[in-house]
Amino acid sequence: MRDNFIRCAAVSPDVTVADPLANELSIKAYMDEAAKNNVSVLVFPELCLTGYTCNDLFLQDTLLKNSLDAVIRLAEYTKDKNFIAFVGLPFMYGNCLYNVAAALCDGRIIGLIPKKNLPSYSEFYETRHFTPGFDECVNITVGNCSVPFGSKLLFACKDIPSLVIGAEICEDVWVPLPPSINHALAGATVIVNCSASDETVGKDRYRRDLISGQSARLISAYIYANAGEGESTQDLVFGGHNIIAENGTVLAESKRFKNGIIYGDTDLDRLKNERRRMTTFPNVSKDYTTVYFSLAIKDLSLNRFYNMTPFVPSSVEERELRCEEILSIQAMGLKKRLKHTGSKHAVIGISGGLDSTLALLVIVKAFDMLSIPRENIIAYTMPCFGTTDRTYNNACNLVAALHGTLKEVNIKNAVNIHFEDIGQDPDKHDITYENCQARERTQILMDGANLYNGMVIGTGDLSELALGWATYNGDHMSMYAVNSGIPKTLVRHLVRFYADTCNNDTLKNLLMDVLDTPVSPELLPPVDGKISQKTEDLVGPYELHDFFLYYILRFGFAPDKIYRIAKIAFKDVYDDAVILKWLKVFYRRFFSQQFKRSCLPDGPKVGSVAISPRGDLRMPSDACSRIWLDTIERM
Numbered sequence: 001m002r003d004n005f006i007r008c009a010a011v012s013p014d015v016t017v018a019d020p021l022a023n024e025l026s027i028k029a030y031m032d033e034a035a036k037n038n039v040s041v042l043v044f045p046e047l048c049l050t051g052y053t054c055n056d057l058f059l060q061d062t063l064l065k066n067s068l069d070a071v072i073r074l075a076e077y078t079k080d081k082n083f084i085a086f087v088g089l090p091f092m093y094g095n096c097l098y099n100v101a102a103a104l105c106d107g108r109i110i111g112l113i114p115k116k117n118l119p120s121y122s123e124f125y126e127t128r129h130f131t132p133g134f135d136e137c138v139n140i141t142v143g144n145c146s147v148p149f150g151s152k153l154l155f156a157c158k159d160i161p162s163l164v165i166g167a168e169i170c171e172d173v174w175v176p177l178p179p180s181i182n183h184a185l186a187g188a189t190v191i192v193n194c195s196a197s198d199e200t201v202g203k204d205r206y207r208r209d210l211i212s213g214q215s216a217r218l219i220s221a222y223i224y225a226n227a228g229e230g231e232s233t234q235d236l237v238f239g240g241h242n243i244i245a246e247n248g249t250v251l252a253e254s255k256r257f258k259n260g261i262i263y264g265d266t267d268l269d270r271l272k273n274e275r276r277r278m279t280t281f282p283n284v285s286k287d288y289t290t291v292y293f294s295l296a297i298k299d300l301s302l303n304r305f306y307n308m309t310p311f312v313p314s315s316v317e318e319r320e321l322r323c324e325e326i327l328s329i330q331a332m333g334l335k336k337r338l339k340h341t342g343s344k345h346a347v348i349g350i351s352g353g354l355d356s357t358l359a360l361l362v363i364v365k366a367f368d369m370l371s372i373p374r375e376n377i378i379a380y381t382m383p384c385f386g387t388t389d390r391t392y393n394n395a396c397n398l399v400a401a402l403h404g405t406l407k408e409v410n411i412k413n414a415v416n417i418h419f420e421d422i423g424q425d426p427d428k429h430d431i432t433y434e435n436c437q438a439r440e441r442t443q444i445l446m447d448g449a450n451l452y453n454g455m456v457i458g459t460g461d462l463s464e465l466a467l468g469w470a471t472y473n474g475d476h477m478s479m480y481a482v483n484s485g486i487p488k489t490l491v492r493h494l495v496r497f498y499a500d501t502c503n504n505d506t507l508k509n510l511l512m513d514v515l516d517t518p519v520s521p522e523l524l525p526p527v528d529g530k531i532s533q534k535t536e537d538l539v540g541p542y543e544l545h546d547f548f549l550y551y552i553l554r555f556g557f558a559p560d561k562i563y564r565i566a567k568i569a570f571k572d573v574y575d576d577a578v579i580l581k582w583l584k585v586f587y588r589r590f591f592s593q594q595f596k597r598s599c600l601p602d603g604p605k606v607g608s609v610a611i612s613p614r615g616d617l618r619m620p621s622d623a624c625s626r627i628w629l630d631t632i633e634r635m
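Numbering of the sequence shown is given in full-length UniProt numbering, commencing with residue 1 and proceeding in unit increments.
What follows is the structure in structure tokens.
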């Protein structure tokens with residue numbers, strides 16, 4: 001519950017048809033289990049106090065009275081349980097019988113929500129017994145308490161402002177305009193559904209897509225509790241298919257045909273921040289009644305998976321599809337720029353490293369789309385003080401394998417002359433020593449583009465730009481930056497995908513060797529012929545920085561929350577002190593280096609995180625990082 005995480009649970013209890021007392025005991029057992037596991041929102045199935053399959057027994061006073069008595073006792077049982085629970089039952093109001101979900105919290109019934117859409121097709125005939133629910137709330141007496149009753153009810157937690165709950169029942173979510181849409185527009189971040197959806201062939205897949213899709217559409221958590229074993233099998237079978245989803249992601253899903261409870265830890269900050277970012281998500285709270293309840297804040301031990309590489313899908317199949325799509329986006333962006341400018345040549349600096357290799361592959365793909373001869377790709381290798389034989393040979397061989405045109409310009413003499421011109425001691429390996437090389441290379445590329453009437457294609461990636469790990473007006477600058485939307489952790493997979501699908505053993509072997517080469521700008525002299533300057537030793541592991549970048553820009557999380565989830569994601573990789581150290585480095589560099597991002601060249605957006613000053617990141621170059629760094633210091 002700290003950091004706006006809440007634990008949700010969906011239950012398929014053992015049901016005895018037409019026996020509210022037996023069902024009450026079954027529900028209480030799950031309430032006890034939920035309380036022990038720090039659940040905040042607990043959802044039971046539709047009509048679970050009687051069983052959904054009572055049919056005409058719903059017209060019997062004895063059943064209705066016993067189920068009402070049972071829900072009053074269940075409400076009392078929630079005293080000091082520290083959760084809000086939703087339980088389904090039939091409920092008589094006036095002259096009509098309603099299918100309702102009762103909201104129970106801290107010893108009271110705090111609301112009754114009627115089902116609005118009653119199916120009477122195929123195997124369903126609910127209108128035989130029930131009356132469709134109504135929107136506007138009325139206050140009625142249940143037991144000795146006044147209780148709001150109506151569909152337009154929200155339950156807001158006074159202690160966790162982001163926790164606002166709306167409820168609907170089974171069929172309500174299957175219709176074209178579910179009540180949950182209005183609930184979410186009125187402020188609900190969590191939707192609960194007490195359901196009794198029977199099993200037919202293939203229905204589980206549709207149900208899963210429906211619930212995950214609704215959570216994505218509403219930018220909400222969605223807790224779906226379904227009837228299971230114990231319901232009458234006279235004509236139907238219920239599988240207890242429970243689902244907990246969050247903004248399109250299924251956090252937990254039960255195995256069918258087995259009763260039980262599932263848990264999902266929902267991140268309310270993620271939902272809140274996503275809605276805040278999407279300005280097309282309005283506030284519409286017309287005619288809603290809000291009921292307030294309290295929960296004690298506890299430190300929840302999270303049971304939630306965090307991918308160490310959020311930019312990279314875990315599934316091999318999905319990853320391959322993603323890589324193919326990204327390469328197409330990059331190539332299509334470059335194709336349009338080449339066609340628009342009439343350029344028949346592309347100029348690129350090729351180092352034998354990952355980023356320039358990926359950029360070269362993208363150029364090849366764009367040239368093939370435009371039927372431009374590959375020899376019009378002018379690839380410059382520009383060895384200097386830090387170049388190793390391995391990267392030099394890989395650069396040359398890659399250009400040959402891809403049928404581009406290789407140009408070699410050794411820049412040592414030019415850089416030494418420049419050192420002499422500005423008074424730089426060549427034995428002093430400082431930032432001037434490094435940047436002189438980077439800017440000399442950029443000058444050659446820009447002038448080479450003039451020579452060939454072509455375009456300089458940038459190679460820098462998203463992670464480097466986020467950290468400012470680029471020489472201003474050096475490798476920072478180009479005429480079109482194809483990698484500017486690609487984080488470093490994804491660059492590696494794109495190159496590997498190309499290697500695996502190129503059907504060229506020579507090219508594949510070259511790409512695999514590039515993948516095995518340490519990431520380095522190669523601006524300092526090698527030691528014993530090997531790279532001496534490893535980027536990740538200087539700025540930190542890119543897998544950590546990409547993780548930080550994703551949650552900072554995608555969801556706006558605070559440093560302490562990012563630190564908490566990073567410890568979960570990297571628990572077997574880095575100790576806490578290492579994570580904290582590089583988190584501080586990330587914030588310091590991210591703020592101080594914005595001036596480089598404020599004048600980036602054009603480049604295609606690829607994913608949900610981008611840093612173009614014309615698009616996703618409009619940040620002042622002189623913004624102060626103090627409050628973020630102060631938070632880290634307090635940790």
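Think of the CB as a built atom: it goes at the ideal place given N, C-alpha and C, for glycine as much as any other residue.
**Prompt:** If you scan the region 120 to 198 from start to end, which runs of the beta strand (DSSP E) of 3 or more residues do you find wholly inside it?
**Reply:** Whole beta strand (DSSP E) segments, 3+ residues: 138 to 142, 145 to 149, 153 to 157, 164 to 169, 190 to 195.
**DSSP state of S12 mapped onto helix, strand, coil** = In the structure shown, S12 sits in a strand (DSSP, three-state: E or B).
**Request:** Going by DSSP, name the residue or residues bridged to F86.
**Result:** Looking at the DSSP assignment, F86 forms a beta bridge with V43, A103.
**Collapsed DSSP secondary structure at K365 in the structure displayed** = Three-state result, K365: helix.
**Prompt:** Taking the runs of the beta strand (DSSP E) that are 3 residues or longer, which of them lie wholly in the region 531 to 569?
**Reply:** Entirely contained in the region 531 to 569, not one beta strand (DSSP E) run reaches 3 residues.
**Secondary structure, beta strand (DSSP E): runs of 3+ residues fully inside the region 277 to 320** = Fully enclosed beta strand (DSSP E) runs of 3 or longer: 289 to 293.
**Asked** Which whole runs of the alpha helix (DSSP H) in the region 456 to 502 are 4 residues long or more, in chain order?
**Response** Listed in chain order, they are 462 to 467, 488 to 501.
**Request:** Rank A379, S478, F555 by C-alpha distance to the C-alpha of S608 and give the top, closest one.
**Result:** Cα-wise, what sits closest to S608 is F555.
**Asked** According to the neighbour-count rule (16 or more other Cβ atoms, all chains shown, within 10 Å of its Cβ), is H340 buried or exposed?
**Response** Around the beta carbon of H340, fewer than 16 other beta carbons sit within 10 angstroms, so the residue counts as exposed.
**Message:** Am I right that A167 and I109 are in contact with their C-beta atoms under 8 angstroms? What's the rounded C-beta distance?
**Reply:** With 8 angstroms as the limit, A167 and I109 do not qualify as a contact, their Cβ atoms being about 13 angstroms apart.
**Asked** Would you say residue 644 and C137 are within 8 angstroms of each other, going by their C-beta atoms?
**Response** Residue 644 lies beyond the residue range present for the chain, which begins at 1 and ends at 635; the question has no answer from this structure.
**Asked** What's the gap between the Cα of T631 and the Cα of L153?
**Response** Distance between the alpha carbons of T631 and L153 is about 38 angstroms.
**Message:** Which residue wins for smallest C-alpha separation from I627, given the options Y93, Y587, T442?
**Reply:** Per the C-alpha coordinates, the member of Y93, Y587, T442 positioned closest to I627 is Y587.
**Asked** Apart from the five residues just before and just after V312, which ones in its own chain have a Cβ nearer than 7 angstroms to its Cβ?
**Response** Only residues of its own chain outside the window of five on either side were considered, and among them R319, T489, L490, H493 have a CB closer than 7 angstroms to the CB of V312, listed in chain order.
**Request:** Rank P20, C157, S612 by C-alpha distance to the C-alpha of P604 and give the top, closest one.
**Result:** If you compare the alpha carbons of P20, C157, S612 with that of P604, the shortest gap goes to S612.
**Asked** If you run the structure through DSSP and keep just helix, strand and coil, what is I444?
**Response** In the displayed model, I444 falls within a helix according to three-state DSSP.
**Beta-carbon gap between G474 and R439 smaller than 8 angstroms** = Cβ distance < 8 angstroms, so G474 and R439 count as in contact.
**Residue span of the beta strand (DSSP E) that contains F347, given as start and end** = Correcting the residue type first, residue 347 is Val in the shown sequence and not Phe. Here the beta strand (DSSP E) through V347 covers 346 to 349.
**Prompt:** What residues in its chain sit with their C-beta under 6 angstroms from that of P132, if we drop five residues either side in the sequence?
**Reply:** Cβ neighbours of P132 beyond the five flanking positions: K116, L118.
**Request:** Report all residues from its chain with a CB closer than 7 angstroms to the CB of A186; omit the five preceding and five following residues, and keep chain order.
**Result:** When the five nearest sequence neighbours on each side are left out, the beta carbons in the same chain lying within less than 7 angstroms of the beta carbon of A186 are those of L154, V284, S285, Y288, in order along the chain.
**Message:** I'd like the list of long-range same chain contacts for V291, defined as Cβ closer than 8 angstroms, with 5 residues on each side in sequence excluded.
**Reply:** A103, I110, G111, P148, L153, L154, F155, A156.
**Asked** Quick one: is C599 buried, meaning 16 or more other Cβ sit within 10 Å of its Cβ, or exposed?
**Response** Per the 10 Å Cβ criterion, exposed.
**Asked** Which residues mark the beginning and the end of the alpha helix (DSSP H) in which K508 is found?
**Response** Secondary structure note for K508: its alpha helix (DSSP H) is the uninterrupted segment 505 to 515.
**Request:** Buried or exposed for K158, please, with buried defined as at least 16 other CB atoms from any protein chain shown within 10 angstroms of its CB.
**Result:** Per the 10 Å Cβ criterion, exposed.
**Request:** Mind the definition here: the region 5 to 14 touches the region 24 to 42 only if three or more C-beta pairs lie below 8 angstroms; say whether that holds.
**Result:** Judged by Cβ distances under 8 angstroms, the region 5 to 14 makes contact with the region 24 to 42, as three or more pairs qualify.
**Asked** Taking all protein chains shown into account, do 16 or more other C-beta atoms lie within 10 angstroms of the C-beta of N394, making it buried, or fewer, making it exposed?
**Response** The residue is buried, with at least 16 neighbouring Cβ atoms inside 10 Å.
**Asked** Straight-line CA distance for V192 to N226?
**Response** Each residue's alpha carbon lies about 11 angstroms from the other.
**Request:** Specify the secondary structure class of Y222 as computed by DSSP and reduced to three states.
**Result:** DSSP, read as helix, strand or coil, puts Y222 in strand.
**Prompt:** For V527, which residues does DSSP report across the bridge?
**Reply:** Looking at the DSSP output, V527 shares a beta bridge with K530.
**Asked** For F5, which of helix, strand or coil comes out of DSSP?
**Response** DSSP places F5 in strand when its eight states are reduced to three.
**Request:** Can you tell me which of the three DSSP states M31 falls into?
**Result:** If DSSP states are grouped into helix, strand and coil, M31 belongs with the helices.
**Item:** Closest residue to A85 among A9, E123, L47, R618 (Cα-Cα distance)
**Value:** The shortest C-alpha separation from A85 is found at A9.
**Request:** Alpha carbon to alpha carbon, how far is N247 from K365? Give it in angstroms, no decimals.
**Result:** C-alpha of K365 to C-alpha of N247: approximately 35 angstroms in a straight line.
**Candidates L57, N23, T78: closest to V41 by CA position** = The residue with the shortest Cα to Cα distance from V41 is T78.
**Request:** Determine which residues share a DSSP beta bridge with L97 and list them.
**Result:** L97 is bridged by DSSP to M92.
**Asked** Expressed to the nearest angstrom, what Euclidean distance is found between the alpha-carbon atoms of S592 and T387?
**Response** Cα-Cα distance, rounded: 29 angstroms.
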